[in-house]
Amino acid sequence: MNAAATPPAAQRESHHRGEYNRRMPQVPPSHITPQPIRSGIDLTVNAKPYRHTGDPKLPLLWYLRDVLRLTGSKYACGDASCGACSVLVDGKLARACTLVMQDLAGKAIVTIEGLASADGSLHPVQQAWVDEDAILCGYCQPGWIIAAVDLLSRKPDPSDADIDGIGNLCRCGSYPRIRAAIQRAAKATQGKPK
Amino acid sequence: MSRAHNAGRRRFLRVFGSATGALIVGLPALAWTPDQLLGQRLVRLNAYVRIEPDGTTVIGARDPEVGQGIRTAEARILAEELDADWNKVIVEPLDLGVTAVNGEPHWTLGHQIASGSTSVPAAWNDLRTVGAAARALLVGAAAARWQVPPASLRTARGVVISADGRKLGYGALAADAAKLQPASAPPALKSPSQFALVGQDTGDVDARDIVTGRQHFASDEWLGDTLVAVIARCPFPGGTLARVDDKAALQLQGVKNVMSIPAPDNNDPLGTRQLAAGVAVLATDTWTALQAVAALKIEWKRGKQAALGDDALAKAAQQAFAAAPTQVVRHDGDFAATDKHARHHFDAEYRVATVAHADLEPPSALVKIDDQSAVLIAPTQNPRAAFAVVQRLTGLDPGQIQVKLPRTGGGFGRFLESDYIAEAVLLANAVKRPIKVLWTRADAFAHDTYRPFSIHRLQACADRRRKLTGWSHHIASTSRLAGREQRARWWLSEMHPDDLPAGLLGNLDYAWYALDAALPRGTYRASSHAVNAFATECFIDEIAHTLKQDPLALRLALLGAPRKLPYRGHGGPVLDTGRLTEVLKLAADAIDWKRHHPDGHGFGLACHFTFGGYVAHAVEMSMQGSRLVIHNVVCAADIGRVVNPLGARAALAGATLDAFSTALRQSITVKDGQVQQRGYKDYPLATMAQMPHAVQVILVPSQEAPAGAFAMGFPSAAPALANAIFAGTTVRVRQLPIWPELMRLL
Chain C
1 MNAAATPPAA
11 QRESHHRGEY
21 NRRMPQVPPS
31 HITPQPIRSG
41 IDLTVNAKPY
51 RHTGDPKLPL
61 LWYLRDVLRL
71 TGSKYACGDA
81 SCGACSVLVD
91 GKLARACTLV
101 MQDLAGKAIV
111 TIEGLASADG
121 SLHPVQQAWV
131 DEDAILCGYC
141 QPGWIIAAVD
151 LLSRKPDPSD
161 ADIDGIGNLC
171 RCGSYPRIRA
181 AIQRAAKATQ
191 GKPK
Chain R
195 MSRAHNAGRR
205 RFLRVFGSAT
215 GALIVGLPAL
225 AWTPDQLLGQ
235 RLVRLNAYVR
245 IEPDGTTVIG
255 ARDPEVGQGI
265 RTAEARILAE
275 ELDADWNKVI
285 VEPLDLGVTA
295 VNGEPHWTLG
305 HQIASGSTSV
315 PAAWNDLRTV
325 GAAARALLVG
335 AAAARWQVPP
345 ASLRTARGVV
355 ISADGRKLGY
365 GALAADAAKL
375 QPASAPPALK
385 SPSQFALVGQ
395 DTGDVDARDI
405 VTGRQHFASD
415 EWLGDTLVAV
425 IARCPFPGGT
435 LARVDDKAAL
445 QLQGVKNVMS
455 IPAPDNNDPL
465 GTRQLAAGVA
475 VLATDTWTAL
485 QAVAALKIEW
495 KRGKQAALGD
505 DALAKAAQQA
515 FAAAPTQVVR
525 HDGDFAATDK
535 HARHHFDAEY
545 RVATVAHADL
555 EPPSALVKID
565 DQSAVLIAPT
575 QNPRAAFAVV
585 QRLTGLDPGQ
595 IQVKLPRTGG
605 GFGRFLESDY
615 IAEAVLLANA
625 VKRPIKVLWT
635 RADAFAHDTY
645 RPFSIHRLQA
655 CADRRRKLTG
665 WSHHIASTSR
675 LAGREQRARW
685 WLSEMHPDDL
695 PAGLLGNLDY
705 AWYALDAALP
715 RGTYRASSHA
725 VNAFATECFI
735 DEIAHTLKQD
745 PLALRLALLG
755 APRKLPYRGH
765 GGPVLDTGRL
775 TEVLKLAADA
785 IDWKRHHPDG
795 HGFGLACHFT
805 FGGYVAHAVE
815 MSMQGSRLVI
825 HNVVCAADIG
835 RVVNPLGARA
845 ALAGATLDAF
855 STALRQSITV
865 KDGQVQQRGY
875 KDYPLATMAQ
885 MPHAVQVILV
895 PSQEAPAGAF
905 AMGFPSAAPA
915 LANAIFAGTT
925 VRVRQLPIWP
935 ELMRLL
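Sequence lines, in order, name chains C and R.
So for the first sequence, my numbering puts the first residue at 1; every next one is plus one.
So for the second sequence, my numbering puts the first residue at 195; every next one is plus one.
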């Protein structure tokens, strides 16, 4: 260590921060606000990073809907029985109403809002839904679309039984058109990279 | 326009604009925002039509969209007469149209209700004129510009064309057109041969917003510093709050208030006031409110009258049947005497369970109230009723109340009521902050305006030639009108005097007996048509099998020669038996009724006249182990002229599956004076795996006025399925839900 870098003890005392500051108040740069380090749960939603610092037991659905105001994921049952709140967590299908934030540290969430490209062009599954007019009231459809994206990522050419396996609920009876939309999307995406 | 303001407007338009929803398939996807679409230079031609300089045509849809496709159908009707370029049409929901006249509400936009499949017929009657009037203004503007007579001009796809071939787009004419006075005489309407849009398929105008998650439903909205309210409601009908300990709830960070909601005042009709007493937690977010409600310790006091389950009601019905009917609904000839001397006698009792609406979107209501104004955003099929509740509870002038019509996640009758809106208004009045009341799924099952339980006692007789000569149908039910209207009118919602087979045979009795279920009850898809058609159409099937007649042949013989019978209810004034015969034959042909039925495969038929629509269903099923497989379903419908066949097929197929789902497994049960169901796990909607892969919908080409579509596909579906089950299993299930009884009997 260079001896010159170490001031004598008396000099060190005179450089004590408190005393120094009293004589020469520091003005921090105005464009940088000092922030304490806040511990939280880091995750990404539709490729944007977020840190959740509230209740770790908050269900993902309410984080999405109330905090981020991403309201495409719907509340309908609250007990994972209907699938209207389906999202992808690290590419896998999950039901946001029963997932809690503390289990999502480091995870990448994709919601219905994150499926289309930035230029507005629809995901092939979304496009198939439009082409088959698989809508009726539309409340459950975002959840179906997410579930279909998950199915096609695992099974590019799904059987009827695979499609039945989705298990989301629709009260309006749009099942036949949903099935047709999934089959149409499968045809549209076959041979194409995901 | 400042950025902040712009952002606010943009969000607002996104909420209610559904602007990008008008993108049609095939257009390149653009990163359009509503602002860019709507621009700042809109020209308003009338309440429903605005046109931009670039020709973008904004059509206002006035009726609540609950999944019946009304926004699309209405826009097509208007665009047809406007001769709009559909590629340039954007459909935007209108608010409830209301102004104050001497302090009373005056409705400015006509029909604004989603009930009884009436929206399309109403739109057909008056929105065509609106479109034609706007078109006449545009033609007038072009005539003035070119100095030619208007009659020499024609229009096509958003363009006015002169006799010598000059063209002007609507966008270039809109500003001039808006300065013209509309003609005093109603404009001429197109003849059907000129239709370019009506009768052609088109997708739902909100499809793009729905598949991208941008479509806002009521509960997706916020108004400033909104507090979320979740309410614990008394599970006992007519019960009250005894005491509440809210200490733990109030300790949760984010909880702002705990308030009680008084027991409903029964002087206010059912549906216009809260359904139950409650304790509301108001919090800054939904999760906090949900946790706080769970932390409440509440003791309820039971009401005077305990909720009755279906078994208790069935007993009450037997007592009721022993006495005189509450209402003789129809009495033709002499059934008793005919039956006495008849060769064949038939007797059966059908039972229909209490069911809940179970819409995927639970009730919610967002209200913002101050001294000068109120805004309401809630799922509603009945905006005028919602308006009336806000007006009654706030005392505001009609002109100060704005009712938005967000797209609604189902309806089926639940959102004809305004009980949840009353809750939100009571709370918002008290705390002077915007309030969003959100119902949980458990709330929605425990508190509903249920479709009431009913018992159907049916008798019929036939002569030596196996011809039906007499028919008697007695119904015991809790009226949907009980708690809303005078007792003398209660039967009106329960039994229709002109429903078939009335008018087809000379000796007929229809009678109704009042039950009192204590549970609130209300309208449900197709209302009493659904349950009455189940009993009637299954009983006809029973008779056919007993008489060893083909069920199709017996029905056709009963319907007889095509003729028009008087029909006094909704859908009248006539019931054309020929149209019902036609759909019955179509359905039977499509399922290949006469072919040899494979072993174990059951075929069933049913038909019904609902709200002016004639529908028949044919079903082919089999049991594979303990699994019911529905192989084929046909729904043949004559619903008059069809505005959007793609939408009508969706509505009819959807109604068919919804009817199967409701009929197979759904029932609300009561134990210890309260409804037991709390979620889809104990109230199973049919899954995709349980439902047929397709419904073959046949639309009868018709020149008759449109009748609507949403309710019509429901009533005949369940009896056709039950009749197929009998044919396939020899088990006659005389009750809804079918499945538990079928499993018991098989």
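We put the beta carbon where it would ideally sit given N, CA and C, even for glycine.
Check	Outcome
Rounded to whole angstroms, what's the CA-CA distance from R:F647 to R:T634? Just pull it up for me.	24 Å
Please tell me whether C:A80 and C:V87 are closer than 8 Å, where the distance is taken between their beta carbons.	no
Using only the alpha-carbon positions, how far apart do R:A377 and R:R329 sit?	11 Å
Using DSSP bridges, identify the partner residues of C:K92.	C:V89
Could you compute how far the alpha carbon of R:C428 sits from the alpha carbon of R:A474?	11 Å
Would you say R:F639 and R:V891 are within 8 Å of each other, going by their C-beta atoms?	no
Around the C-beta of R:G716, are 16 or more other C-beta atoms found within 10 angstroms, so that it is buried, or is it exposed?	buried
With a threshold of 8 Å on Cβ separation, who are the neighbours of R:N240 within its own chain once the five nearest residues in sequence on each side are excluded?	V324, A327, A328 and P376
Secondary structure at R:T250, three-state DSSP: helix, strand or coil?	coil
Under a Cβ-count criterion, where at least 16 other Cβ atoms within 10 Å of its own Cβ denotes burial, should C:I32 be classed as buried or exposed?	exposed
Are any of the Cβ atoms in chain C nearer than 8 Å to that of R:T480?	yes
Distance check for R:N451 and R:V836, CA to CA, integer angstroms please.	52 Å
Give me whichever residues DSSP pairs with R:L846 in a beta bridge.	Beta-bridge pairing links R:L846 to no other residue.
Between the alpha carbons of R:V744 and R:A903, how many angstroms are there, rounded?	Looking at the sequence provided, one finds Asp at residue 744 of chain R rather than Val. One C-alpha to the other measures close to 29 Å.
Buried or exposed for R:A884, going by 16 or more other Cβ atoms inside 10 Å?	Looking at the sequence itself, residue 884 of chain R is Gln, so the reference to Ala does not match. By the neighbour-count rule (16 or more Cβ atoms within 10 Å), R:Q884 is buried.
Indicate whether at least one CB of chain R lies closer than 8 Å to the CB of C:C85.	no
Let me know the secondary structure DSSP gives R:N623 once reduced to three states.	helix
With contact counted as at least three CB pairs below 8 Å, one residue from each stretch, are the stretch 812-825 of chain R and the stretch 364-384 of chain R in contact?	no
Which residue marks the beginning of the alpha helix (DSSP H) containing R:T923, and which one marks its end?	A911 to T923
By Cβ distance below 8 Å, which residues in the same chain neighbour C:Q190 in space, the five residues on each side in sequence not counted?	P156 and D157
Hey, quick one: how far does the beta strand (DSSP E) through C:H52 stretch, first residue to last?	K48 to H52
Is the beta carbon of R:R859 sitting closer than 8 Å to the one on R:W933?	yes
Chain R partners of C:P142, CB-CB under 9 Å?	I404, V405, T406, G407 and Q409
For R:Q409 and R:A572, what's the separation of their Cα atoms in angstroms?	14 Å
Closest to R:F411 by CA distance: which of C:I109, C:I178, C:K57 and C:S73 is it?	C:S73
If you follow the alpha helix (DSSP H) that R:R976 is in, where does it begin and where does it stop?	Only positions 195 to 940 of chain R appear in the structure, and residue 976 of chain R is not among them; the question remains open.
According to DSSP, R:H667 sits in a beta bridge with which residue or residues?	R:L652 and R:Y704
Assess contact between the stretch 416-435 of chain R and the stretch 611-628 of chain R, defined as three or more Cβ pairs (one per stretch) separated by less than 8 Å. Is contact present?	yes
Can you pull the chain R residues whose beta carbon is under 8 Å from the beta carbon of C:L169, in chain order?	L554, Y874, L879 and T881
For R:E537, I'd like the list of residues in its chain whose CB is within less than 7 Å of its CB, leaving aside the five on either flank, ordered along the chain.	Strictly speaking, residue 537 of chain R in this sequence is Arg, with Glu absent from that position. The residues are A656, D657 and R658.
Along the stretch 585-605 of chain R, what residues have a CB closer than 9 Å to any CB found in chain C?	R601, T602, G603, G604 and G605
Could you check which residue in R:D289, R:G807 and R:L332 has the C-alpha nearest to that of R:A369?	R:L332
Can you tell me where the alpha helix (DSSP H) holding R:D403 begins and where it ends?	A401 to V405
At 4 residues or longer, what runs of the alpha helix (DSSP H) sit wholly inside the stretch 405-492 of chain R?	441-445 and 480-489
What is the rounded straight-line gap between the Cα of R:Q468 and the Cα of R:R586?	13 Å
So, does the stretch 603-615 of chain R touch the stretch 712-728 of chain R, judging by three or more C-beta pairs under 8 Å?	yes
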